[in-house]
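Have a look at the structure below before the remarks.
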Amino acid sequence: MTAPGELADAKDAGREVVAHRTIHAGRVFDLVGEEVRLHPDDEKPVVREYLDHPGAVAVVALRDGEAGEEILLIRQYRHPVRAQLWEVPAGLLDVAGEDYRAAAERELYEEADLRAARWDVLVDYFTSPGGSDESLRVYLARDVTDVDGDERHEREDEERDMATVWVPLDEAVMAVHAGRIHNPSAVVGILAAASARARGWAPLRPTDAEWLR
1 MTAPGELADA KDAGREVVAH RTIHAGRVFD LVGEEVRLHP DDEKPVVREY LDHPGAVAVV
61 ALRDGEAGEE ILLIRQYRHP VRAQLWEVPA GLLDVAGEDY RAAAERELYE EADLRAARWD
121 VLVDYFTSPG GSDESLRVYL ARDVTDVDGD ERHEREDEER DMATVWVPLD EAVMAVHAGR
181 IHNPSAVVGI LAAASARARG WAPLRPTDAE WLR
């Protein structure tokens, strides 16, 4: 059995990539194909196609409300699924050399008109490891303040009509379990925040914590 503290995913660079090609170069991410030898004694490599993604960050913003902690949710239209989804602020790591926390701060400012004085790493995950290399880090942002009106970011495209709402964290957890929230960063972030709160925030990690990506 695995001892406590030893359960961890790990990089595996031991698989020989025989060939790599770009099938389609997209605006945000590419579709690539690779021939990989899964075992050293395999005579023929297998083909794996996946989305080559820059990665992303998301932010669970919390504030103290009358009934306890409240989480900020944003309603955004997502065309591939033809749905309006409740989400947390999030964005791509598409600025070369940008610090991960700085990217999260930027997204919180641009999408929610908020700044936060306290930041921690809440949870990391691969969004769809069978078909994409996207890794996403979810931060917990607390001690939040509103951005002044004249400093607010001018939103475009889908972001123009985004509604925002502060919801009790317990209510958000119930919405996840009831199947009423579907965005993965929101689902993961909400449940991770509730779990960390139940343990007195002990599981939180520093913003420069190691990230498997």
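Following UniProt numbering, the numbering of the sequence shown begins with 1 at its first residue and continues without gaps. Cβ atoms here follow ideal geometry from the backbone N, Cα and C, with glycine treated the same way. Quick caveat: nothing in here was measured; it's all calculated off a predicted structure.
Neighbour-count burial assignment, residue i, 16 or more Cβ in a 10 Å radius
| i | result |
| --- | --- |
| Glu-6 | exposed |
| Glu-107 | buried |
| Ala-13 | exposed |
| residue 216 | The first residue shown for the chain is 1 and the last is 213, placing residue 216 beyond what the model contains. |
| Ala-141 | buried |
| Arg-137 | buried |
| Gln-76 | buried |
| Val-95 | exposed |
| Leu-122 | buried |
| Trp-86 | buried |
| Glu-210 | exposed |
| Val-59 | buried |
Residue closest to residue i, alpha-carbon to alpha-carbon, out of the options
| i | options | result |
| --- | --- | --- |
| Asp-170 | Ser-185, Ala-192, Thr-22 | Ala-192 |
| Glu-70 | His-177, Leu-212, Ile-181, Trp-166 | Trp-166 |
| Leu-38 | Ala-25, Glu-16, Thr-207, Leu-122 | Glu-16 |
| Met-174 | Ala-104, Ile-190, Met-162, Arg-48 | Ile-190 |
| His-53 | Glu-87, Pro-129, Leu-122 | Pro-129 |
| Val-46 | Arg-213, Val-81, Glu-34, Gly-55 | Glu-34 |
| Ala-19 | Lys-44, Thr-164, Pro-168 | Lys-44 |
| Glu-66 | Thr-207, Asp-9, Pro-168 | Pro-168 |
| Gly-97 | Asp-133, Glu-87, Gly-55 | Gly-55 |
| Pro-89 | Pro-184, Asp-30, Tyr-125, Pro-40 | Pro-184 |
Cα-Cα separation between residue i and residue j, rounded to whole angstroms
| i | j | result |
| --- | --- | --- |
| Leu-117 | Val-144 | One detail in the question is off: residue 117 reads as Ala in this sequence, not Leu. Answer to the nearest angstrom: the Cα atoms are 6 Å apart. |
| Ala-178 | Ala-172 | 10 Å |
| Tyr-50 | Gly-131 | 5 Å |
| Val-187 | Val-176 | 6 Å |
| Arg-101 | Tyr-139 | 8 Å |
| Ala-112 | Pro-80 | 23 Å |
| Ser-135 | Leu-92 | 10 Å |
| Thr-127 | Asp-9 | 15 Å |
| Arg-48 | Ala-196 | 36 Å |
| Val-36 | Asp-133 | 15 Å |
| Arg-199 | Asp-148 | 35 Å |
| Ala-104 | Leu-212 | 17 Å |
| Arg-205 | Val-57 | 15 Å |
Boundaries (first-last residue) of the beta strand (DSSP E) holding residue i
| i | result |
| --- | --- |
| Arg-197 | No beta strand (DSSP E) holds Arg-197; the alpha helix (DSSP H) holding it covers 184 to 198. |
| Val-32 | 30 to 37 |
| Gly-16 | Note that residue 16 corresponds to Glu in the displayed sequence, not to Gly. Its beta strand (DSSP E) spans residues 16 to 24. |
| Val-144 | 135 to 146 |
| Glu-69 | 68 to 78 |
| Leu-51 | 46 to 52 |
| Asp-41 | From DSSP, Asp-41 is part of no beta strand (DSSP E); its letter is neither H nor E. |
| Asp-94 | Run containing Asp-94: none; DSSP gives neither H nor E here. |
| Ala-202 | Ala-202 -> no beta strand (DSSP E), and no H or E assigned at all. |
Endpoints, alpha helix (DSSP H) assigned at residue i
| i | result |
| --- | --- |
| Leu-108 | 100 to 112 |
| Glu-87 | Note, Glu-87: premise wrong, no alpha helix (DSSP H); beta strand (DSSP E) at 83 to 87. |
| Ala-175 | 169 to 177 |
Residue i beta carbon near the ligand FAD (any heavy atom closer than 7 Å)
| i | result |
| --- | --- |
| Asp-9 | Summarising the ligand content, the structure contains no ligands, and the ligand FAD is consequently not present. |
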